[in-house]
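Asks: Have a look at this one.
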Amino acid sequence: MMILTLAKRELSSLFFSPIAYVVLGAFAIGASTFFMQGFEPGQPASMRSTFDAVVWLLVFLAPAISMRLISEELRSGTFERLMTSPVSDAQVVLGKWLGALVFFCVMLLPLVVHAITLEMVGSPEFGPIVTGLLGLVLVGALYLAIGVFASAWSQNQIIAFLVTVFIIALPTFAAYYVSGQTTPDPAMRRLIDYISVNQQYADFAKGLIDIRNFVYFATGTALFLFLSVVLVQSRRWR
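Each residue of the sequence shown is one higher than the last, beginning at 2 in my numbering.
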């Protein structure tokens with residue numbers, strides 16, 4: 002299948018990129034630091050605080066993975082050659098997104114090591130750990146879809162990175178601003194909480210599965226992948 006072929010090509014190119022190893026190292030160090038800070042005598046064996054902190058870390062690391070996906074093709078001039086090959090615009094976008102998502106899942110492996118460590122020293126509930134990891138994959142899928150969109154919008158990788166961070170962070174920081182108000186408007190509070198990734202992820206970190214959270218991540222990911230296809234199509238006919 003062409004999408005899988007493109008995904009393998011993108012995954013391979015990611016592992017040959019120096020920035021990929023910087024991202025892997027930064028995540029491993031950051032996640033391990035959060036995990037160690039969560040160890041407190043007498044406290045339940047849980048990774049919830051680690052997951053909550055990791056979501057903030059992904060605001061910057063996921064864009065670092067996605068910023069080169071299409072921007073690099075545009076900058077190097079290989080985009081035109083890709084567009085003349087027998088692949089559709091949707092296949093190009095989905096292949097690149099899927100390859101980046103597999104890399105993202107590899108990046109999460111330190112959390113699996115942390116879960117095993119927690120089992121060795123305590124008796125954690127694995128339900129919240131499994132749902133927390135599932136939630137992180139959904140967060141990554143959304144962030145990378147936003148990143149593909151930004152990468153298709155600009156051939157400058159730094160601009161693509163900044164645009165992705167801005168789109169991701171805007172509702173999240175807005176949620177914190179509104180929650181800090183003494184008398185926030187209830188309707189505005191509900192709206193901001195709904196579009197905030199952190200708020201949508203909170204249930205997964207608690208071990209809860211709500212279909213509304215799945216709908217949020219699925220529709221958000223599909224929307225930005227669709228917008229990415231539209232941008233790629235517009236570049237094909239320029």
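The beta carbon of each residue, even a glycine, is placed where N, CA and C say it ideally should be.
Predicted, not measured: the structure shown is a model, and the values here were computed from it.
Per DSSP, what kind of secondary structure is Gln234 in: helix, strand or coil?
Replies: Gln234: helix per DSSP, three-state reduction.
Asks: Along the chain, where does the alpha helix (DSSP H) containing Phe61 start, and where does it finish?
Replies: From DSSP, the alpha helix (DSSP H) with Phe61 extends over 49 to 67.
Asks: Measuring CA to CA, which of Ser50, Ala101, Ser47 is closest to Ser13?
Replies: The candidate whose alpha carbon is nearest that of Ser13 is Ala101.
Asks: Express the C-alpha separation of Lys9 and Leu99 in angstroms, rounding to a whole number.
Replies: Going by the C-alpha atoms only, they are around 9 Å apart.
Asks: Which residue from Ala27, Phe150, Leu110, Asp204 puts its Cα closest to that of Thr132?
Replies: When only C-alpha atoms are compared, the closest one is Asp204.
Asks: Count Cβ pairs between the stretch 194 to 209 and the stretch 50 to 59 that sit closer than 8 Å; are there 3 or more?
Replies: Verdict: yes, contact present.
Asks: Suppose you measure from the CA of Cys106 to the CA of Lys97; what does that come to, to the nearest Å?
Replies: When rounded, the distance between both Cα atoms is 14 Å.
Asks: Flag this pair as touching only if the stretch 86 to 97 and the stretch 25 to 38 have three or more C-beta atom pairs under 8 Å; answer yes or no.
Replies: Segments in contact, no.
Asks: Which residue's Cα is closest to the Cα of Val55: Asp194, Ala151, Leu134?
Replies: Ranking the options by Cα distance to Val55, first place goes to Leu134.
Asks: Please list, in chain order, all residues of the same chain as Gly221 whose beta carbon is under 6 Å from its beta carbon, the five residues on each side excluded.
Replies: So the qualifying residues of the chain are Leu143.
Asks: Among residues of its own chain, excluding the 5 on either side of Gly136, which ones have a beta-carbon nearer than 7 Å to its beta-carbon?
Replies: Only Tyr202, Phe205, Ala206 meet the Cβ criterion.
Asks: Excluding five sequence neighbours on each side, which residues of the same chain lie with their C-beta closer than 6 Å to the C-beta of Glu11?
Replies: Contacts found: Lys97, Gly100.
Asks: When the Cα of Leu145 is compared with those of Asp194, Pro129, Val164, which residue comes out closest?
Replies: With distances taken between Cα atoms, Leu145 lies closest to Val164.
Asks: Figure out for me which residue from Ala153, Ile4, Gly26, Ser47 has the closest Cα to the Cα of Ser124.
Replies: Among Ala153, Ile4, Gly26, Ser47, the Cα nearest to that of Ser124 belongs to Ser47.
Asks: With DSSP run on the structure shown, which of helix, strand or coil describes Glu126?
Replies: Coil, per DSSP.
Asks: Which runs of the alpha helix (DSSP H) at least 4 residues long sit entirely within the stretch 82 to 114? Give them in chain order.
Replies: 90 to 108, all fully within the stretch 82 to 114.
Asks: If you compare alpha carbons, which of Ser155, Ala188, Ile159, Ile147 is closest to Leu171?
Replies: Minimum Cα distance to Leu171 is reached at Ile147.
Asks: Comparing alpha-carbon positions, which option in Ala151, Ser86, Leu119 lies nearest Ile66?
Replies: Ranking the options by Cα distance to Ile66, first place goes to Ala151.
Asks: Going by alpha carbons, who is nearest to Gly141 out of Glu120, Val103, Phe36, Ile210?
Replies: Of the listed residues, the one whose Cα sits closest to Gly141 is Val103.
Asks: Indicate whether Leu232 and Ala153 have their beta-carbon atoms separated by less than 7 Å.
Replies: A contact, by the Cβ cut-off of 7 Å.
Asks: Report, in whole angstroms, the separation of the C-beta atoms of Leu139 and Phe218, which I expect to be a contact under 8 Å.
Replies: Indeed, because the Cβ distance is near 4 Å, the residues count as touching under 8 Å.
Asks: Applying the 10 Å Cβ sphere with the 16-neighbour rule, what's the burial state of Arg213?
Replies: Flag for Arg213 reads exposed.
Asks: By alpha-carbon positions, which one of Gln156, Val23, Ile71, Leu119 ends up nearest to Asp90?
Replies: Here the closest residue by C-alpha is Ile71.
Asks: Check this for me: beta carbons of Arg69 and Gln158, under 7 Å apart or not?
Replies: Yes.
Asks: So is Pro64 buried or exposed if we call it buried at 16+ other beta carbons inside 10 Å?
Replies: Classification for Pro64: buried.
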